[in-house]
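All remarks here apply to the structure that follows.
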Amino acid sequence: MSNNIYTIFRNYVVDAVKQIAPQTPQSLLAKIDVSPTKDPAHGDMASNVALVVSGSLKLAPKVFAAQIAEVLNANPAVLSTAVAGPGFLNIFAHKSVLLAVLPDILREHEAYGASTLGNRVVVNVEYVSANPTGPMHIGHCRGAVVGDALANLMAKAGYSVTKEYLINDAGGQVIALAWAAYWRYLEAIGTSLTEEEYSARVPGGMQYRGEYLIPVGEKLAADHGQSLATATKENADPSIWFETVRECALSMMMTGIREDLDLLGVYFDRFSSERDLVLKGATDATIEKLTAMGLIYNGTLEPPKGKLPDDWEPREQMLFRATQFGDDVDRPLRKSDGSNTYFANDIAYHADKMARGAEIMIDVWGADHGGYVSRMQAATKALAGESKAHLDVVLCQIVKVLKGGELVRMSKRAGTFITLRDLLEEVGRDAVRFTMLTRKSDAQMDFDIDQAIAQTRENPVFYVQYAHARCRSVLRAAAEQQIDTSAESLAQADLSSLENEAEIALIRRLAGWPRLVEQAALAREPHRIAFFLYELAGDFHMLWNRGRDDSTLRFLQAEHPAATRAKIALVSATAMVIRSGLAVMGVAPVEEMR
RNA sequence: GUCUCCGUAGCUCAGCCGGAUAGAGCACCAGAUUCCUAAUCUGGGGGCCGUGGGUUCGAAUCCCGCCGGGGACACCA
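Residue numbers for the first sequence follow the working numbering, so the first one is 310 and each next one is one higher.
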C-alpha cells in the first residue's frame, strides 16, 4: 500500500480516463502524471492528463480536461478542480486528504515513505571496492557514502538489496603490495639493504612506500622471525616468502579498511574476493560461455587516436565483441603475459552476481573509470541474454577538500594525503555523510571542512539536525505539561485546527516524502534526500519563526488543548520524516543541541 | 582525435526520462528583536538557464552543431 497521495490521485485520474475513453492505449495512460504544484493557486496537484490523451480523441485538451474534471468532482477526496493554461487539470484535494498524512506518518514512524515500487526485485549495489593496498582516503569516502545511501534508498523504495564490496586481490597491485610489505619486514628484522637497493631488485620498482605498511612488516617479523629472509637479512627467493607476505598484507589492509568503514558507518552484506573467483575458474568459465556465443575472437586493435602510448605496438589479443552491444571498440580479455585482464575478471564477477539472482546491478565508481562503463554494460547485456538483468553505473566525481578557504593538496609524496580517518576525526561521521550527499554524485564537489562543522544555516547538516532537535524539544516540553505525546495518541488527534499556510506548507512537504523516495530511487540519486530534508527543515523553521510574531502559531497553546494536540501531531510527524530521511543517508538524528 | 561529465543570479549549487511566472543558501539593500532554543528572523532587488539550430501544444530539461572547463582513452585496477 502506498502512502504517495500523488500516486493515489493519479489512479483516480487514470480511472476517469478509462471510464470516459476506454479505448485509450496503455502507452498513453503510462504518460499521465499527477504532480505537486509549484504555486498553491494551482491547487494541491496538477495533471497533464488532457494534454497527453486528448490528441488521440481528437478533442481540444481543455474540453477533455473538463470531462475528466467532472468525474473527479464526484470523488469525495476531491474538493474542486480547475482547467488552466493549455489544458492542465488542477486538483484541489479535500483538506482531509492532506491532514490524513499526519496519522499515516504517526502510525508508521520512520518507516513512512517506504514504497512497494521495487516489488522486491533483487538489486546488488557494489561500492567502495577500494584496492586492499592501503588505507581509505577521501576519494573512496564519497563512493562509500553515495553507495551506502543509494542502497538504503533502493531498500526503502521496495527493492531487495544486497550491499557488496569486491576485494581486488588478484591483480598486479597485490603483487606490488607484497613486495612493499616484504621491505617493511626486512626493515623490521634489521636488514643492511637501503630502500633504494631493495627497490632496484623489485620487479618494476617498489610502489606503496607509505608508512602504513610498517605494522605489516613488524607482524611478519613477530610471527616468522627471520625465516622469510636469507641469513644476511637480504631478500630471499620469493617462493619462500611471497604467499605468506601477501596473505598477511592483504589481511591487515582489509582489516584496516573494514575499521575505516565501521567508523563511517558503512556495512556490507557481502565481501567478494576477485582471487577466489579466479581460483574457482569463474573467469575461464565465463570466457568459454562467451566463446560459445561467438563473442570472442583474436584480433589486433587499432592504436588509440591522438597521443600514442610510448610503448604501443600492434599485438594480437583475445577480444570481446563489445561493439555488438553498444561499445565503441572490442575489448581485450588477456594481457600480453597471458593472464586475464581486470575486465575479464569483472565480467565473471558480474556473471556471478546475476547467478546469485541480481536483476539490477548498480556499480558505484570513481569518475576516472567512466571510460569503462560502456564495456561493462556491453558484457552484462551479452551475458544477461533473455533475462531482464542490467547494469547501472553511478559515477562519483572528484572531491576537493577545503580548509580555511584553502585547497588541501592531496599528494602522497608531499605527505598531505588525507585519509578517511583524518577526515572523520576532524568533522565527524554524520557531517561527513550528510555533506557528501549535498551534491549530485557526478558533479565535482568542494568539501569545505569549516562549513561542514559550522553551526549556521549555511550548513545543511546543522540546519536539518537543528530542526529535528527543535521538534524533540517541543515534544519534551509538552510531555512536561502532562500532554500525551505518544504517536498512538497523536494519531487520533483532531487536526481540523491546522490551517495556517505555514502549517499547510509543512504538511504538504511531509506528504511529498513517499514520492521523493520513489523518484530518487528511480534516478539512483540519493543526494535528493539531502535537499528534501533541507527544504523540510526550512519549512519547519519558518513555522517556528512565525510563532514569534503570531502566538497562535506556537505549538504549545496552554488555553487550547485540542489545538495543541494537533500542532504536536504535526511536530512529531515532522521529526519522524526527518529521521526517516536521515536513516536513508545513514546519519543519526540528534535529540538536543544546546 | 574519440568518448564522457559539466556550463543556471555576483558566488556555491538545486531543478533535467518535456509542463504553467526557473528555485535555495551566501553576498547586497530595507526592516524586526521582552518569544516553545536568536545557534537570528521578515521582506526586497538580482537571470538571453554557455551559444546556434531542431523536435512539439509546450524545452533549463530531449536531439544535432559550436564555444569553454574537468575526466577517460591496448597490454593498470
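We put the CB at the ideal spot given by N, CA and C, even for glycine. Remember, predicted model here, so these are calculated numbers, not experimental data.
Assigned with DSSP and collapsed to three states, H533 falls in helix.
V372 counts as exposed, since fewer than 16 other beta carbons sit within 10 angstroms of its beta carbon. A Cβ-Cβ contact shorter than 8 Å links A657 with L586. At the C-beta level, H418 and L729 stay beyond 8 Å of one another. Residue state for Y606 is assigned as strand, using DSSP reduced to three classes.
Taking the C-beta atoms as reference points, M745 is found nearer than 8 Å to R451.
When the Cα atoms are used, D731 and M894 turn out to be separated by approximately 21 Å. Taking the Cα positions, S508 is about 18 Å away from A558. Between P898 and Y843 a beta carbon distance of about 15 Å is seen, past the 8 Å cut, so the two are scored as non-contacting. With contact defined as three or more Cβ pairs closer than 8 Å, the region 470-478 and the region 508-518 are not in contact.
Counting only residues of its own chain and dropping the five nearest sequence neighbours on each side, L495 has a CB closer than 8 Å to the CB of L502, Y507, G526, A538, K542, E543, N544. For R624, same chain residues with a beta-carbon under 7 Å away, outside a window of 5 residues either side, are T609, S645 in chain order. Taking the Cβ atoms as the reference, L865 lies roughly 6 Å from A787, within the contact range of under 8 Å. The continuous beta strand (DSSP E) containing H699 extends over residues 699-705. For K662, the number of other beta carbons within 10 angstroms of its own is at least 16, and it is reported as buried. Excluding the 5 residues flanking it on each side, Q535 has same chain C-beta neighbours closer than 6 Å at I498, in chain order. If only uninterrupted alpha helix (DSSP H) runs of at least 4 residues are considered, those enclosed by the region 710-761 are 729-736, 738-745, 758-761.
Within the same chain, and ignoring the five residues on either side of D413 in sequence, the residues whose Cβ sits closer than 8 Å to its Cβ are N312, Y421. Per DSSP, T541 is not a residue of any alpha helix (DSSP H), being assigned neither H nor E. Straight across, the Cα-Cα distance linking L398 with R817 is about 19 Å. Restricting attention to T500, S548, D571, the CA atom closest to the CA of A540 is found in T500.
One thing to note: L426 has its Cβ within 8 Å of the Cβ of A466. Per DSSP, reduced to three states, the secondary structure at V392 is strand. Between M685 and the set L716, Q633, I707, the nearest pair of CA atoms involves Q633.
In the DSSP assignment, I816 falls within the alpha helix (DSSP H) that extends over 810-820.
Every beta strand (DSSP E) of 3 residues or more that sits fully in the region 571-608 is shown, in chain order, as 579-582.
Around the C-beta of F849, 16 or more other C-beta atoms lie within 10 Å, and the residue is accordingly described as buried. Annotated as proximal: D569 and P444, with beta-carbon spacing under 8 Å.
Runs of the alpha helix (DSSP H) lying entirely within the region 767-798 and spanning at least 4 residues, in chain order: 769-789.
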